[in-house]
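Data block below; observations after.
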Amino acid sequence: MLPEWKLFIKEIECKKENLQGADLGNTKLMGANLAGADLTDADLSICYLIKADLSNANLTNADMTGAVMSEAILKGANLEGAELEDAFLHGADLTSVINLTCEQLELANFDNETCFPEYIQIHWDSGGNCKCCEI
Numbered sequence: 525m526l527p528e529w530k531l532f533i534k535e536i537e538c539k540k541e542n543l544q545g546a547d548l549g550n551t552k553l554m555g556a557n558l559a560g561a562d563l564t565d566a567d568l569s570i571c572y573l574i575k576a577d578l579s580n581a582n583l584t585n586a587d588m589t590g591a592v593m594s595e596a597i598l599k600g601a602n603l604e605g606a607e608l609e610d611a612f613l614h615g616a617d618l619t620s621v622i623n624l625t626c627e628q629l630e631l632a633n634f635d636n637e638t639c640f641p642e643y644i645q646i647h648w649d650s651g652g653n654c655k656c657c658e659i
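Last residue of the sequence shown? That's 659 in this note's numbering, and every number before it is there in order.
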């Protein structure tokens with residue numbers, strides 16, 4: 525029998541086209557396939573999205589405060605207005621995301637393994653601090 529959280533993931537994956545405004549805060553969605561999901565205005569705060577596939581997901585105005593998205597795939601996702609304060613993006617793939625800003629990233633946690641879209645440049649100094657520039 526699958527653990528309860530794995531059954532929950534399957535249920536959410538089946539609804540991924542209709543998750544606008546969903547309350548998924550403080551849930552375990554590790555490894556979930558949410559590619560193409562409509563998560564507009566969704567609450568993903570403190571959500572565990574480690575290694576989740578969020579490619580091409582609509583995350584417009586989603587609250588991802590404190591979400592753990594380490595090694596998640598967000599290629600092509602729309603992050604317009606998404607709240608990323610205290611979100612963990614270590615090793616996440618953000619290549620080709622749209623509407624991501626340095627203002628959002630300044631509130632998030634990431635590392636040199638995080639992949640950014642071409643229009644975002646991260647410059648690291650020898651002390652491990654970084655500066656974000658939008659092109």
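Where is the CB? At the ideal position from N, CA and C, for every residue including glycine.
Worksheet item: When burial is assigned at 16 or more other CB atoms within 10 Å of the CB, is residue 568 buried or exposed?
Response: If you number the sequence shown from 1, residue 568 lands on position 44. Residue 568 comes out buried.
Discussion item. Any contact between the region 590 to 603 and the region 563 to 577? By contact I mean 3 or more CB pairs, one from each, below 8 Å.
Written reply: Of all C-beta pairs linking the region 590 to 603 to the region 563 to 577, three or more are shorter than 8 Å, placing the two stretches in contact.
Item to complete: Give the secondary structure of residue 599 by DSSP, where H, G and I count as helix, E and B as strand, and everything else as coil.
Response: Along the sequence shown, read from residue 1 onward, the residue named residue 599 stands at position 75. If DSSP states are grouped into helix, strand and coil, residue 599 belongs with coil.
Worksheet item: Out of 550, 546, 582 and 566, which has the shortest C-alpha to C-alpha gap to residue 478?
Response: Since the first residue shown for the chain is 525 and the last is 659, residue 478 is missing from the structure and cannot be characterised.
Item to complete: Grab me the residues of residue 623's own chain with a C-beta within less than 6 Å of its C-beta, minus the 5 sequence neighbours each way, in chain order.
Response: Against the sequence shown, residue 623 aligns to sequence position 99. Answer for residue 623: 602, 603 and 604, listed in chain order.
Worksheet entry | Alpha carbon of residue 638 to alpha carbon of residue 609, nearest angstrom | Numbered from its first residue, the sequence shown carries residue 638 at position 114. Numbered from its first residue, the sequence shown carries residue 609 at position 85. In this structure, the CA atom of residue 638 is about 16 Å from the CA atom of residue 609.
Item to complete: Have a look at 653, 657, 643 and 598 and flag the residue whose alpha-carbon is nearest the alpha-carbon of residue 555.
Response: The count along the sequence shown starts at 1 and reaches residue 555 at position 31. The residue among 653, 657, 643 and 598 with its C-alpha nearest the C-alpha of residue 555 is 598.
Practice prompt. Spatial neighbours of residue 620 within its chain, please: CB distance less than 7 Å, with the 5 preceding and 5 following residues excluded, ordered by chain position.
Written response: As a first step, residue 620 must be located in the sequence shown, where it is residue number 96. Cβ within range, chain order: 599, 600 and 641.
Worksheet item: Measuring CA to CA, which of 658, 631 and 547 is closest to residue 607?
Response: Mapped onto the sequence shown, residue 607 falls at position 83. Residue nearest to residue 607 within the set 658, 631 and 547 is 631 (criterion: CA-CA distance).
Discussion item. Between residue 575 and chain D, is the shortest Cβ-Cβ distance under 7 Å, so that the two count as touching?
Written reply: Here there is only one protein chain, and chain D is not present.
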